[in-house]
Structures are given as C-alpha cells and as structure tokens.
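Numbering (mature numbering (1 follows the signal peptide of the UniProt record, and there is no 0)), first residue to last: -19 to -1, 1 to 127. We put the beta carbon where it would ideally sit given N, CA and C, even for glycine. Values in this document were obtained by computation on a predicted structure and should not be read as measured data.
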C-alpha cells in the first residue's frame, strides 16, 4: 500500500514529462531597446542609474549627424541590415567600447569596409570613403582592451 502511494505521483510526473513538447520555442527578430530613461514613469530615477551602452550605434543620412538621425542597440556579432539608410549613411558613431564594421552588401568582408571606433576621425563625414554609397550593413563587437 505504501509503495503504491509513493509510485502514483512519480508515474504521473513521468507521464507529464513524456507528453511535453520537444521543439524549442520560436523567437521574433531582435529589435533595438529603449534606454531606461526614456520611460516617463521612471525618468527621474534613471538619472542616478545611467549605465554605459555597449553595441549602440548612432547614424544619420547627413554629414555631422544632420538629416534623419537614428540610434539603436542590436546584438553584438550579428549582421545588421541598414534598411532605409542603406547607401545613404553619411555619419556613423558606435558607442564607447564598441567597434563596428560598416560593410558593403550583407556583411561582405571580402569587399572594402570601414572599421570604426567611437573616436575615429571620419565618423561625421563618411564620404571620406570612396565606397560610402555602397554601405548596406554593419556588425559590431566589443573592443578588446590591450
């Protein structure tokens, strides 16, 4: 009788485990997240908690970050399509501690690309690069301290 009272819960647990789905869940595409200070309900509290972003990029279709300006954070080590900015990026600045490769086509490192850090000289005017109208994508990494 005692054995039966012990085995009954174990057998029901085994049945639930066997019936559980085995496929992994499907996730949507990544999207930039907003800075905590953008939320009006906690904006006052966030000023004391500001944290430096890693992987964020500010870009614009005009020199010196004029025209349409966008800022977003995508996962590191992932090819990001420039979308409507493809072929139109004239300013590009990664966050401090981030290095980005601004590339032609879909992150094609076999073609010329711009290797950009936060402090590079030509971030405000990418027309310095002869192939700037061919920028289609970028990929960012964390800077390795030397």
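My guess is that residue 85 and residue 122 are in contact by the Cβ rule of under 8 Å, so how many angstroms apart are they, rounded? Going by Cβ atoms, the distance from residue 85 to residue 122 rounds to 18 Å, so no, they are not a contact pair.
Would you call the region 69 to 76 and the region 87 to 94 touching, i.e. three or more CB-CB distances under 8 Å? no
Pairing CB atoms from the region 52 to 69 with CB atoms from the region 36 to 44, are three or more of them under 8 Å? yes
For residue 56, three-class secondary structure by DSSP: coil
Contact set for residue 109: own chain, Cβ-Cβ below 7 Å, skip 5 residues either direction: 103
Using the Cα positions of residue 125 and residue 58, report the straight-line distance between them to the nearest angstrom. 14 Å
Let me know the secondary structure DSSP gives residue 47 once reduced to three states. coil
With a threshold of 16 other CB atoms inside 10 Å of the CB of residue 70, please say whether the residue is buried or exposed. buried
Residues bridged to residue 119 (per DSSP): 61 and 83
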